[in-house]
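Let me begin by presenting the structure, written as structure tokens, before commenting on it.
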Amino acid sequence: MKTTVGEIISYLHSIAPNEYQESYDNSGLIVGNMFEQVKGVIISLDCTEEVIQEAIDKGANMVISHHPIVFRGLKRFTGSDYVERTIMLAIKNNINIFAIHTNLDNMRLSGVNTKICERLKLTNTQILAPKDENGQIGAGMIGELPSPMESKEFLSFLKNNMELNIIKYTKPLQKKVHKIAVCGGSGSFLLKSAIAYNADVFITSDFKYHEYFDANNLIMIADIGHYESERFTIDLLYDLISNKFSTFAAHNTKINTNPIKYF
Numbered sequence: 034m035k036t037t038v039g040e041i042i043s044y045l046h047s048i049a050p051n052e053y054q055e056s057y058d059n060s061g062l063i064v065g066n067m068f069e070q071v072k073g074v075i076i077s078l079d080c081t082e083e084v085i086q087e088a089i090d091k092g093a094n095m096v097i098s099h100h101p102i103v104f105r106g107l108k109r110f111t112g113s114d115y116v117e118r119t120i121m122l123a124i125k126n127n128i129n130i131f132a133i134h135t136n137l138d139n140m141r142l143s144g145v146n147t148k149i150c151e152r153l154k155l156t157n158t159q160i161l162a163p164k165d166e167n168g169q170i171g172a173g174m175i176g177e178l179p180s181p182m183e184s185k186e187f188l189s190f191l192k193n194n195m196e197l198n199i200i201k202y203t204k205p206l207q208k209k210v211h212k213i214a215v216c217g218g219s220g221s222f223l224l225k226s227a228i229a230y231n232a233d234v235f236i237t238s239d240f241k242y243h244e245y246f247d248a249n250n251l252i253m254i255a256d257i258g259h260y261e262s263e264r265f266t267i268d269l270l271y272d273l274i275s276n277k278f279s280t281f282a283a284h285n286t287k288i289n290t291n292p293i294k295y296f
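Note that the working numbering has the sequence shown beginning at 34, numbered continuously upward.
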């Protein structure tokens, strides 16, 4: 029995339909052939040259990443930057590249933010900024801790459960925190929604300096880093794929693709 690239894509799109990606996004099959038999899959947050080489070394012919390697049109393939080099290496070695980005972000069930909520043991979860009448599709999520915590206790809990080295945060509230809003990736656009829902903490990444002031002593912002906020999406995709297909081996990448280093 064989599994094709198209069959994997069809399954993943049954969970996170491509129509729910944001207008700026480029999710979907970026390089490859829908009818090609899948020999192995590498799952990663980003698709880089190192990840493509990892697929080659493992005999895998498909990379499934959260972030698309291509966001805009390419006019030349001269190897002048990492995007061109990654695409050229994939084509040369018949590696299929598929991305499932903001459509996966926007899912209430089996979505990026669902995974964060699970790791933080949040209950009574719901979409923070719903885009449908049923509240099953939209940006961010909000839920409650099993029991309230002091702010510093929560920061320690967050650091441990999300396996973080560092957290940037604003002034803690003068009360225990209970209601937590989350958004994997760049989520500053949801700060007003988190405040409107009376969240005590908003966990996301990529806040600019002056945007931290917008917490306005109404909420504590916890900026944990883009890669760090989405790293467990790899586990989410691995579980979905390995529980559905048995005709090929799926591997979580061993490559840390985070371009940001800490000293």
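Even glycine gets a Cβ: it sits at the ideal position worked out from N, Cα and C.
Check this for me: beta carbons of LYS79 and SER60, under 9 Å apart or not? One detail in the question is off: residue 79 reads as Asp in this sequence, not Lys. It is not a contact, given that the beta carbons lie outside the stated cut-off.
Give the secondary structure of VAL103 by DSSP, where H, G and I count as helix, E and B as strand, and everything else as coil. Residue state for VAL103 is assigned as coil, using DSSP reduced to three classes.
Under a Cβ-count criterion, where at least 16 other Cβ atoms within 10 Å of its own Cβ denotes burial, should GLY106 be classed as buried or exposed? The Cβ neighbour count for GLY106, taken over all protein chains shown within 10 Å, is under 16; the residue is labelled exposed.
Element boundaries [alpha helix (DSSP H), containing GLY217]: Element bounds for GLY217: not the alpha helix (DSSP H) but the beta strand (DSSP E), 210–219.
Where the beta strand (DSSP E) containing THR237 begins and where it ends: In the DSSP annotation of this structure, the continuous segment of the beta strand (DSSP E) that includes THR237 starts and ends at 234–238.
In the DSSP assignment, what are the bridge partners of HIS284? Answer is ILE75, bridged to HIS284.
Given TYR44, which residues of its chain have a CB within under 7 Å of its CB, disregarding the five upstream and five downstream residues? A distance below 7 Å between beta-carbons, with the five flanking residues on each side excluded, links TYR44 to the following residues of its chain, in chain order: LYS277.
Nearest to THR237 by CA position, among ASN129, LYS208, LYS201, is which residue? Measuring from the Cα of THR237, the nearest candidate turns out to be LYS201.
Selection from ILE89, LEU224, GLY176 that minimises the alpha carbon distance to ASN126: With distances taken between Cα atoms, ASN126 lies closest to ILE89.
Can you find at least 3 beta carbon pairs, one from the region 219–235 and one from the region 157–166, that sit closer than 8 Å? The region 219–235 is in contact with the region 157–166.
Pair within 9 Å by beta-carbon distance, SER184 and PRO205: A distance below 9 Å separates the beta carbons of SER184 and PRO205.
Three-way DSSP call (helix, strand, coil) for SER180 in this model: The answer is strand: DSSP assigns SER180 an E or B state.
Where GLN86 sits in the DSSP three-state scheme: Residue state for GLN86 is assigned as helix, using DSSP reduced to three classes.
Would you check if the region 189–201 and the region 110–128 touch, i.e. whether three or more CB-CB distances between them fall below 8 Å? Two segments are said to touch when three or more pairs of C-beta atoms, one from each, lie closer than 8 Å; by this definition the region 110–128 does not touch the region 189–201.
CB-CB under 6 Å to ASP58, same chain, minus the five flanking residues each way: which ones, in chain order? Within the same chain, ASP58 has close Cβ partners HIS134, THR135.
Could you give the first and the last residue of the continuous beta strand (DSSP E) run that contains GLY61? Its beta strand (DSSP E) spans residues 61–64.
ILE149 lies in the alpha helix (DSSP H); which residues open and close that run? Where ILE149 is concerned, the enclosing alpha helix (DSSP H) stretches over 145–152.
Would you give the residue range spanned by the alpha helix (DSSP H) that ASP272 belongs to? Segment 266–277, the alpha helix (DSSP H) holding ASP272.
For the beta strand (DSSP E) that LEU122 lies in, which residues bound it at each end? No beta strand (DSSP E) holds LEU122; the alpha helix (DSSP H) holding it covers 115–125.
Spatial distance of ALA255 from LEU270 (CA atoms): Between the alpha carbons of ALA255 and LEU270 lies a distance of about 25 Å.
Measuring straight from C-alpha to C-alpha, what distance separates ALA232 and PHE110? A straight-line Cα-Cα distance of about 47 Å links ALA232 and PHE110.
Does the Cβ of SER219 have 16 or more other Cβ atoms within 10 Å, making it buried, or fewer, making it exposed? Classification for SER219: exposed.
Take PRO179 and list the residues in its own chain whose beta-carbon comes closer than 8 Å to its own, dropping the five residues that flank it on each side. Here PRO179 has LYS154, THR156 as same chain residues with Cβ atoms under 8 Å from its own Cβ, once five neighbours each way along the sequence are excluded.
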